[in-house]
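Heads up: the sequence shown begins at -18 in the working numbering, then just goes up one per residue. Down below is the structure, laid out as structure tokens.
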Amino acid sequence: MALRSNRNTVFSQEKDTNRSILVSPVLHVNRFKIFHLNIRSLFNKISYVELLCDIYDYSVLCFSEPWLNEDQASCVRINDYTLLSSYYRELKKGGGSAIFVKNSILNVSKALNFVSKLSIEDIFECSGISINNNACVIAMYRPCNRDVSKIRTFFNQFDILLTKLQKRFSYIYICGDLNINQLYKDNTLEALTDLLNTHKLKSVIKEITRIQQLPQVSHVSQSAIDYIITNSDETIEDRSNFNVGFSDHFAQCITINLTTHGLQNKASSSDRIIRREFSNANINEFLYLLGIYNINYYETIIDANKRFNTFYDHFTWCFDIAFPKKCTTKNRVPPKNKIKFSLELQQKYNKYKNLMAINDCINDDRLKKQLKMERKSLLKEINLEKGNYVANLINKSENKSKALWNLIKPPSSSKHIPNISLTANHFAQYFEHSITPKQCSATTSKKPRGSHYNNTFFFYPSTSSEVYNIIHSLKNKKSTGIDEIPNELLKACSNVISPVLSGIINHCVTQGCFPDKLKTSCVIPIHKKGSIQDASNYRAISLLSAFSKVFEKCLCSRISSFLEKHNILSNRQFGFRSGKSTEMASAQLMQHIHNELDLNKECFVIYFDIRKAFDSINLGLLSNKLKYLGFRYPVDDFLLSFLSARKFIVKFNNTYSNKYMVNIGTPQGSNLGPIIFLLFINDLPKYITSGSTFMYADDTAVVVSAHEYEAALQKLNCVVREFVQWCQNNQLRINSDKTVIMNMKISALKSNHFTLSIENNVIVCSTLATYLGLKVDENLNWNEHIDRTCSKLNKTYYLIAQLKDRLQVPQLISIYYALVFTHLNYNIICWGASSKAHRLFVYQKRVIRLIFSIKSTNSCKETFIKNKIMPLPCVYIYKVLCFVHQNKNNLTKCGDLHSYNTRGKHKISTFKHSHTFYEKSPYYMGCKLYNLLPKDICRYEIKPFKKIIKDILHHNSYYSITEFIHKNLP
-18 MALRSNRNTV FSQEKDTNRS ILVSPVLHVN RFKIFHLNIR SLFNKISYVE
32 LLCDIYDYSV LCFSEPWLNE DQASCVRIND YTLLSSYYRE LKKGGGSAIF
82 VKNSILNVSK ALNFVSKLSI EDIFECSGIS INNNACVIAM YRPCNRDVSK
132 IRTFFNQFDI LLTKLQKRFS YIYICGDLNI NQLYKDNTLE ALTDLLNTHK
182 LKSVIKEITR IQQLPQVSHV SQSAIDYIIT NSDETIEDRS NFNVGFSDHF
232 AQCITINLTT HGLQNKASSS DRIIRREFSN ANINEFLYLL GIYNINYYET
282 IIDANKRFNT FYDHFTWCFD IAFPKKCTTK NRVPPKNKIK FSLELQQKYN
332 KYKNLMAIND CINDDRLKKQ LKMERKSLLK EINLEKGNYV ANLINKSENK
382 SKALWNLIKP PSSSKHIPNI SLTANHFAQY FEHSITPKQC SATTSKKPRG
432 SHYNNTFFFY PSTSSEVYNI IHSLKNKKST GIDEIPNELL KACSNVISPV
482 LSGIINHCVT QGCFPDKLKT SCVIPIHKKG SIQDASNYRA ISLLSAFSKV
532 FEKCLCSRIS SFLEKHNILS NRQFGFRSGK STEMASAQLM QHIHNELDLN
582 KECFVIYFDI RKAFDSINLG LLSNKLKYLG FRYPVDDFLL SFLSARKFIV
632 KFNNTYSNKY MVNIGTPQGS NLGPIIFLLF INDLPKYITS GSTFMYADDT
682 AVVVSAHEYE AALQKLNCVV REFVQWCQNN QLRINSDKTV IMNMKISALK
732 SNHFTLSIEN NVIVCSTLAT YLGLKVDENL NWNEHIDRTC SKLNKTYYLI
782 AQLKDRLQVP QLISIYYALV FTHLNYNIIC WGASSKAHRL FVYQKRVIRL
832 IFSIKSTNSC KETFIKNKIM PLPCVYIYKV LCFVHQNKNN LTKCGDLHSY
882 NTRGKHKIST FKHSHTFYEK SPYYMGCKLY NLLPKDICRY EIKPFKKIIK
932 DILHHNSYYS ITEFIHKNLP
């Protein structure tokens, strides 16, 4: 036993001393190949670029005139390269600059945002990156323009840029098309030469970079307008200027030698890392060691915490013996998605380049036709090899969806972030401060409003088979908690540990004690945006032990069943509940707003935001609420023990911080935390007496209405006071910066402006709010939401266009459902009847035409039917029909309004209304369409009902709601 405790002591000390897992980097001299080309539409020439990079293995790609817009820049992909910096135009098309970096040097490369900020559209367009903070690479484009004022502005900006670069970097490399001919001396060339001499720079490429045959004239224009400029000619080993065959400009390339930290020489392509090896032999050894211990021994330990600790110590001792940490050499492997082109294709490209060189010297029509045919053939073979490679990659993968996602996801840098002053302890101190919010001033604790619940929650003992099933329900993730025990290992030994764990879980609940060793979480900071030196620009991802998840799932299933059985949770709460969703919450809210506006009432909606709601639960107040809701000893003590005395450790750049204590809130990443929060916030709707409340967890919207404007304002003020008072009673704080008030109205001409004060902060009436991913405007016309959705989907269109040549149709359809359909489908019940939704339908057809190569003059309808893809109107029809079918027991049937035996008595009564805009509300439109269905279909349960409706919609593929209404259903 002493040996076990010593091993665990050493293990815990390793995590508290900021010990790095990776060996310190060694100083290396590295060769970099910088490539520049004026490409004139990068998006259409990516296949050629990928072949070129596969042959010559460039480190940095600089492009002038990539012709990218914002949407294209966000989704452009070059195999094994990442777009690190770019400048794209906003007013005109074309132009711009872009820099791609090979993924192997991404860790020591950084975008220079100040370079792009110096750019002026149509005058000075540049982007830049740094390499290990001592060298910079700039891509530049200057449009051809003889305007004296624009030329003067160009040189002024260039001078400012060079001054800044020389203060920061030892080595400067500027690549670009400046449209200043080095072969022809004029005032502009002299001004450029003087500027470069002033900053001790020079051009290293002075050969002809563009050969242009002028139309209808037997004359060839030659110019040297593409540059590579540097201040360190001695670092350049090699330079070249050649015709790539797919641009009217030559490409320039230099090979440089730089001394950098943290980069590996290709001669020593390996990393030394410390890790555990989960081989089959090691797993078998672990199972053997685990089987030595007598299961009955744990039952002799009375104290629940000690019982689990003993089991946990035994488990981790076996774990450390079977899977020791070893310093191993990890050979560099090529990127998973990197395409290696065949030697035959490379030879064909070289042949094409030779023909291009001959064409530059002579003017022959037959040669031009041959070149055109060779180019088409080359592109076809490139795309064919790319498609075959991707198909084989996906077919060989065990997880085909993951393999496909790796192809389309945005490239990211390594988990190790270099050149950063922040440490794990810096993040730990910041997170400790941020997750321990300032508490409101203490007020007298009041009992929750509503009837007292006499039913008491009883914990039915867990069984070994239940624990076994819970373990196997855990997802196979690589991420682990602080104990480094993966879920797969628990599954491998589930037969052995399930009986032990079930007994320990029962004993812990009986004594009201959650094991202390499971209260420590491992927090991983993930960079969101902004400076990497600012801790506030990181998102904290909390990882819990796999054992903790098993404990929590045992409780969650029983608590959820108890809450639903006795109808304890408010019917205004839609979060983390079976059968509830964000879509249902949004639809109910929008329907209520439609109802109030149709009655000609003044209607206000206030969207409250609680500051760090999950992190602010007071355990004393929670204890009172648990008893009130039927959770009494020992279960309430177990839940409070789960939340109390929790700790966290931050892991950053492979180092660990010290432990920090958290005494408030629910743990992030837990299964039990959200349910506890629902119990804590459950009494809120009963405090709001002057409005109707709609909640999804802590996202709260309150609708206030009255026939008179002043009366509605009084109610609104009353709701604010009630909500503030409830927050003070529960020691929560309102985030007034994110709290939004809207005055809903039918007419866009009607306008009222007012302000409210919440805790001395002024809240101005807004015309737009975001609620559960919906952009809600004051007139419910959904313009903003549809505009935002179109913006998102435009990026997806360019991504699919880029992947079309390398993926097969079934794979493209999978991408459609992952990246297009999810946006079209989300909350469509609310906005699908809007006239503006037709924009999204046009976009959907545009994507379908792209995937299936359908001409713009041909209809997509047969394609929708053949591939069982729902057009957007059918998606809306399907969602509202299912929505009504699920809620039909809460709706009034025509037969309930009279005693006559009519044919339509089974139909749902549509709501009487005063305004036509009401006909677009979720319930009205849903009931109207639902009544068109045959009576037999409406009798089915929800699952077969969904299948029947899908079959109908797939078979008919309605292009409008009107078409569905007027077409006779079977």
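Don't be surprised by glycine CBs; every beta carbon is placed ideally from N, CA and C.
Selected residue, minimal CA-CA separation from residue i, among the options
i	options	result
Ser260	Val225, Pro305 and Tyr274	Pro305
Lys332	Leu359, Arg347 and Lys319	Leu359
Ser562	Ala338, Tyr677 and Leu653	Tyr677
Ser151	Lys181, Lys166 and Asn162	Lys181
His508	Ser204, Lys500 and Ala521	Ala521
Leu544	Ser529, Leu660 and Val504	Leu660
Phe322	Ser890, Lys307 and Gly368	Gly368
Ile598	Val721, Ile656 and Asp917	Ile656
Ser834	Pro854, Ala782 and Ile850	Ala782
Ala79	Cys156, Lys334, Ile452 and Ala172	Cys156
Thr297	Ile466, Ile796 and Trp707	Ile466
Arg627	Met906, Leu170, Arg149 and Met642	Met642
Asn238	Asp229, Ile217, Gln867 and Asp932	Ile217
Thr670	Glu689, Gln695 and Thr211	Gln695
Val790	Asn644, Ile463 and Ile832	Ile832
Tyr690	Phe612, Asn762, Ser738 and Asn581	Asn581
Phe557	Asn634, Asn652, Ile645 and Ala303	Asn652
Cβ neighbour criterion (16 or more within 10 Å) applied to residue i
i	result
Cys43	buried
Lys349	exposed
Ile273	exposed
Asn19	buried
Glu106	buried
Leu164	exposed
Ala262	exposed
Gln792	buried
Lys83	buried
Arg133	exposed
Ser395	Reliability fails at Ser395, whose pLDDT of 44 lies under 50, so the model's placement of it is uncertain and the value that follows must be treated cautiously. When all chains shown are included, Ser395 counts as exposed.
Leu3	Because Leu3 sits at a pLDDT of 41, beneath the cut-off of 50, its placement in the model cannot be relied upon, and the following sentence gives the value as read from the coordinates. Per the 10 Å Cβ criterion, exposed.
Tyr37	exposed
Heavy atom of the ligand FMN within 7 Å of residue i beta-carbon
i	result
Val89	Absence of the ligand FMN is noted for the structure shown, with no ligands found whatsoever.
Contacts around residue i, its chain only, beta-carbon distance under 6 Å, and the 5 residues preceding and following it disregarded
i	result
Phe24	Gln53
Cys535	Ser443 and Ile486
Leu800	Thr777
Ser67	Ala54, Ala79 and Ser108
Beta-bridge partners of residue i, as assigned by DSSP
i	result
Arg256	Lys307
Met906	Its beta-bridge partners do not exist; DSSP assigns none.
Glu583	Ala687
Lys632	Tyr637
Gln554	Met676
Thr281	DSSP lists no partner for Thr281.
Sub-8 Å separation of residue i and residue j beta-carbons
i	j	result
Ser717	Asn742	yes
Tyr824	Gly754	no
Tyr857	Ile809	yes
Ile549	Leu621	no
Tyr899	Val865	no
Cys771	Arg830	no
Asn160	Cys117	no
Arg539	Phe440	yes
Thr501	Ile463	yes
Own chain partners of residue i with C-beta closer than 8 Å, once the 5 adjacent residues on each side are dropped
i	result
Tyr752	Ser567, Leu570, Tyr588, Asp680 and Ala682
Ala423	With a pLDDT of 44 at Ala423, under the threshold of 50, the modelled position of this residue cannot be trusted; read the value that follows with caution. Within the same chain, Ala423 has close Cβ partners Gln712.
Ala209	Before going on, a small fix: residue 209 reads as Ile here, not Ala. Only Ile15, His17, Tyr154, Ile155, Cys156, Ser184, Val185, Ile186, Arg220, Gln233 and Ile235 meet the Cβ criterion.
His936	Ile846
Cβ-based neighbour list, residue i, same chain, cut-off 7 Å, excluding 5 preceding and 5 following
i	result
Leu244	Note that Leu244 scores a pLDDT of 45, beneath 50, so its modelled location is shaky and nothing firm can be said.
His407	Ala516
Asn115	Phe150, Ser151 and Tyr152
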